[in-house]
Amino acid sequence: GAGVSQTPSNKVTEKGKYVELRCDPISGHTALYWYRQSLGQGPEFLIYFQGTGAADDSGLPNDRFFAVRPEGSVSTLKIQRTERGDSAVYLCASSRTPPGELFFGEGSRLTVL
Amino acid sequence: KQEVTQIPAALSVPEGENLVLNCSFTDSAIYNLQWFRQDPGKGLTSLLLIQSSQREQTSGRLNASLDKSSGRSTLYIAASQPGDSATYLCAGIPQGGSEKLVFGKGTKLTVNP
């Protein structure tokens, strides 16, 4: 498709489980961003990739969160030992070249029971 | 740390009114500024991007401006329509740092028919 694609759109898991969220950016976009949005708040930065490397991971809250982008296209956000506080909408965005216009996907809503 | 304030938090207007949404940054050194629209349960849709060399952008009934001396931006919506009802978010990339957007909490707009 033409836009940023995120899967799954919804994920319900139990506390302590492992979760993977996938992002497929717009073709040709070199920069990819992960954000997290809680209810009533603006998106909060997690990590930014330029190509295959993480250019800035300062927003990852702790070492349970990890993200990869092995071929410079699709990215996976991985959350280990999930906690109820991880429940949020995880948004992915891409841009052709940074700093440029960011285009967001529809998000993955994560609920940890 | 850059913080973004959006005023008002919520706004309800009758159809046809012109309206202004405000956004301000604690650090006025903004490189890029982007306005987004978010519908309930959806991702973010990019509305306007003001790049580093620009002060203003227009798209249809929308006009955004950025005063770099004060770190304030406004989004002007002309002749509002019920379909404009959504949450509007502003976000900026601080100068001299990472390429990450910092978001406000948004203004929830309701346009009544």
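Those sequence lines, one after another, are chains A and B. Take the first sequence: its letters are residues 1 to 113, numbered as in the working numbering. Take the second sequence: its letters are residues 1001 to 1113, numbered as in the working numbering. Beta carbons: idealized from backbone N, C-alpha and C, even for Gly. These numbers come from a predicted model, not from an experiment.
Who are the neighbours of residue i on chain B, taking C-beta pairs under 7 Å?
i	result
aspartate 56 of chain A	Ser1098, Lys1100
List the residues of chain B whose Cβ lies closer than 8 Å to the Cβ of residue i, in chain order.
i	result
alanine 31 of chain A	Glu1099
proline 8 of chain A	Those do not exist, as proline 8 of chain A stays about 14 Å from chain B at its closest Cβ, beyond 8 Å.
DSSP on residue i, reduced to helix/strand/coil?
i	result
glycine 53 of chain A	strand
arginine 84 of chain A	helix
proline 1082 of chain B	helix
lysine 78 of chain A	strand
lysine 24 of chain A	With the sequence shown as reference, residue 24 of chain A is identified as aspartate, and lysine is not the correct amino acid for it. Of the three classes helix, strand and coil, the one that applies to aspartate 24 of chain A here is strand, per DSSP.
glutamine 6 of chain A	strand
proline 1014 of chain B	strand
threonine 1005 of chain B	strand
threonine 111 of chain A	strand
threonine 13 of chain A	strand
arginine 36 of chain A	strand
asparagine 1022 of chain B	strand
serine 94 of chain A	strand
tyrosine 18 of chain A	coil
arginine 46 of chain A	In the sequence on display, residue 46 of chain A carries leucine and not arginine. Strand, per DSSP.
Residue i versus chain A: which residues are under 8 Å apart at the beta carbon?
i	result
glycine 1106 of chain B	Gly42
leucine 1089 of chain B	Gly42, Pro43
serine 1046 of chain B	Glu101, Leu102, Phe103, Phe104
Would you say the beta carbon of residue i is closer than 7 Å to some non-hydrogen atom of the ligand ATP?
i	result
glycine 1016 of chain B	Ligands in the displayed structure: none, and consequently the ligand ATP is not present.
Since residue i meets chain A, which of its residues come closer than 7 Å, beta carbon to beta carbon?
i	result
serine 1085 of chain B	Within chain A, no residue comes near serine 1085 of chain B; the closest Cβ sits about 17 Å away, beyond 7 Å.
What does residue i touch in chain B if you count any residue whose Cβ is under 9 Å from its own?
i	result
tyrosine 114 of chain A	Shown here, chain A extends from 1 to 113; a query on residue 114 of chain A therefore has no answer.
glycine 107 of chain A	Gly1041, Lys1042, Gly1043, Leu1044
In chain A, what lies closer than 9 Å to residue i by C-beta?
i	result
phenylalanine 1103 of chain B	Tyr35, Gln37, Gln41, Gly42, Pro43, Glu44, Phe45
leucine 1049 of chain B	Gly100, Glu101, Leu102
isoleucine 1093 of chain B	Pro98, Pro99
Answer with yes or no whether the minimum CB distance from residue i to chain E is below 8 Å.
i	result
aspartate 1039 of chain B	Absent from the structure is chain E; the protein chains it does hold are A and B.
#### Entry: Cβ-based contacts, 7 Å cut-off: residues of the segment 80-104 of chain A near chain B
Leu91, Pro98, Pro99, Glu101, Leu102, Phe103, Phe104
### Task
Can you give me, in chain order, the residues of the segment 1030-1043 of chain B that have a beta carbon less than 7 Å from any beta carbon in chain A?
Tyr1031, Asn1032, Gln1034, Lys1042, Gly1043
### Task
Give a yes or no on contact between the segment 1098-1109 of chain B and the segment 30-46 of chain A, applying the rule of three or more CB pairs nearer than 8 Å.
yes
### Message
Using 8 Å as the cut-off, can you tell me whether the segment 73-83 of chain A makes contact with the segment 5-21 of chain A, which would need three or more C-beta pairs spanning the two stretches below that distance?
### Response
yes
### Task
Kindly provide the ranges of any alpha helix (DSSP H) runs that are 4 or more residues long and lie completely inside the segment 1028-1112 of chain B, ordered along the chain.
none
### Message
Does the contact criterion of 3 or more C-beta pairs under 8 Å hold for the segment 1077-1086 of chain B versus the segment 1014-1032 of chain B?
### Response
yes
### Task
Count the C-beta pairs between the segment 68-77 of chain A and the segment 43-57 of chain A that are closer than 8 Å, then say yes if the count reaches three, no if not.
yes
### Query
Touch check for the segment 54-70 of chain A and the segment 4-14 of chain A: three-plus C-beta pairs under 8 Å?
no
### Query
Within the chosen definition, does the segment 23-33 of chain A reach the segment 97-106 of chain A through at least 3 CB pairs nearer than 8 Å?
yes
### Query
Between the segment 1001-1012 of chain B and the segment 1061-1070 of chain B, are three or more C-beta pairs nearer than 8 Å?
no
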